[in-house]
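In terms of our numbering, the sequence shown opens at residue 666 and continues consecutively.
Cβ coordinates follow ideal geometry from the N, Cα and C atoms, glycine included.
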Amino acid sequence: MIPAVDRPGATRLDRTLSTPLWAQLHADLLRRVEGGEFEHAFPGELALAAEYAVSRNTVREALRRLRADGTVVAGRGHPPRLGRQTEITQPLGALYSLFASVRDSGMSAYSQVRTLDVRADGVVASKLGLEESTPLLYLERVRFAGGAPLAVDRVWLPYALTAALREADFAETSLYRELDSRCGIRLTGGQERIRAVLPTPGERRLLATPETTAALAIDRLGLAERTPVEWRHTVVRGDRFSVLARFSAKGYQLDVHSGHHRADWSR
Numbered sequence: 666m667i668p669a670v671d672r673p674g675a676t677r678l679d680r681t682l683s684t685p686l687w688a689q690l691h692a693d694l695l696r697r698v699e700g701g702e703f704e705h706a707f708p709g710e711l712a713l714a715a716e717y718a719v720s721r722n723t724v725r726e727a728l729r730r731l732r733a734d735g736t737v738v739a740g741r742g743h744p745p746r747l748g749r750q751t752e753i754t755q756p757l758g759a760l761y762s763l764f765a766s767v768r769d770s771g772m773s774a775y776s777q778v779r780t781l782d783v784r785a786d787g788v789v790a791s792k793l794g795l796e797e798s799t800p801l802l803y804l805e806r807v808r809f810a811g812g813a814p815l816a817v818d819r820v821w822l823p824y825a826l827t828a829a830l831r832e833a834d835f836a837e838t839s840l841y842r843e844l845d846s847r848c849g850i851r852l853t854g855g856q857e858r859i860r861a862v863l864p865t866p867g868e869r870r871l872l873a874t875p876e877t878t879a880a881l882a883i884d885r886l887g888l889a890e891r892t893p894v895e896w897r898h899t900v901v902r903g904d905r906f907s908v909l910a911r912f913s914a915k916g917y918q919l920d921v922h923s924g925h926h927r928a929d930w931s932r
């Protein structure tokens, strides 16, 4: 595949690779879209064929894939243009599955599993109320929405309760669905801390984000009744994710944490 590079303009396609030219072109166009090159206008078939020195059939196949995931919109007799990127909105105070939320928004949802193993982590174990040496099941995924990276998701669970998850394929399913069906565990609540962060260089590469794109870090402690069963750290693209708070005439409470101090805001 075409490597991601931090420069504008087309990357030369490599005809010596086994990767089809349309796939290389598709990857490079996605890179350029993520880099903000086509904000004002998206080039037509002839222009792309000339720029990349490929046939119009190659361009059409790449554009077909871009249309399928909503990156590009093109009607009969009209030049292609960038589609409106759908933002995933989550309500505060609700237990949600990111996988289900993406599907509910009308986009395709899948994950690239980077790690699924058993390890010890004293810091995380203490957050789960366990001894520091307790074995934990660790799952790390890149979450995709509409064919583009949305989040880097890292989850730790007590291995004694979740050993059956080692047989699950998390590319096309949600953790909570597998927890329920394979382990008989259903989350009933918990707490989240959401904060603005600068992604690490590695996270930025995985999310395919330019340096100007902000991110949100979400730390979640998931409970089954009163038992902690999940510690999750998610870094999600700030341009594709938001949280929603509802309020009424009676007001609402917002807890603002700073160091060891907490202030309660209402109305």
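Which listed residue (the options) has its alpha carbon closest to that of residue i
i: Glu868; options: Asp786, Arg806 and Trp896; result: Arg806
i: Thr827; options: Glu857, Leu871, Ala889 and Ala861; result: Ala889
i: Val698; options: Val900, Thr874 and Leu886; result: Thr874
i: Tyr803; options: Leu713, Thr853 and Asp818; result: Asp818
i: Asp782; options: Gly700, Leu801, Leu747 and Ala836; result: Leu801
i: Ala790; options: Trp821, Phe912 and Leu694; result: Trp821
i: Glu704; options: Leu678, Asn722, Leu747 and Ala688; result: Leu747
i: Leu795; options: Leu909, Thr892 and Pro745; result: Thr892
Through-space distance from residue j to residue i, alpha-carbon basis
i: Arg729; j: His691; result: 9 Å
i: Ser839; j: Trp896; result: 15 Å
i: Leu933; j: Thr877; result: Outside the displayed span of the chain (666 to 932) sits residue 933, for which this structure offers no information.
i: Gly787; j: Val894; result: 15 Å
i: His898; j: Leu886; result: 9 Å
i: Thr676; j: Asp834; result: 34 Å
i: Val862; j: Leu872; result: 14 Å
Integer-rounded CB distance, given that residue j should sit under 8 Å from residue i
i: Ala882; j: Arg902; result: Not really, about 12 Å apart at Cβ, beyond 8 Å.
i: Glu962; j: Leu830; result: Residue 962 lies beyond the range of the chain shown here (666 to 932); nothing can be said about it.
For residue i, the three-state DSSP class (helix, strand or coil)
i: Gly924; result: Only weak support is given to the placement of Gly924: the predicted model assigns it a pLDDT of 45, under 50, and the question is left unresolved by the model.
i: Gly674; result: coil
i: Ser776; result: strand
i: Glu704; result: coil
i: Ala810; result: strand
i: Thr899; result: strand
i: Ser907; result: strand
i: Arg851; result: coil
i: Asp679; result: coil
Can you confirm whether the stretch 800-815 touches the stretch 849-863 when touching is taken to mean that 3 or more C-beta pairs between the two stretches lie within less than 8 Å?
Taking one beta carbon from each stretch, the stretch 849-863 and the stretch 800-815 have fewer than 3 pairs nearer than 8 Å; the two do not touch.
At least 3 beta-carbon pairs within less than 8 Å: the stretch 819-838 vs the stretch 707-725:
Contact between the stretch 819-838 and the stretch 707-725 is absent, because fewer than three Cβ pairs lie under 8 Å.
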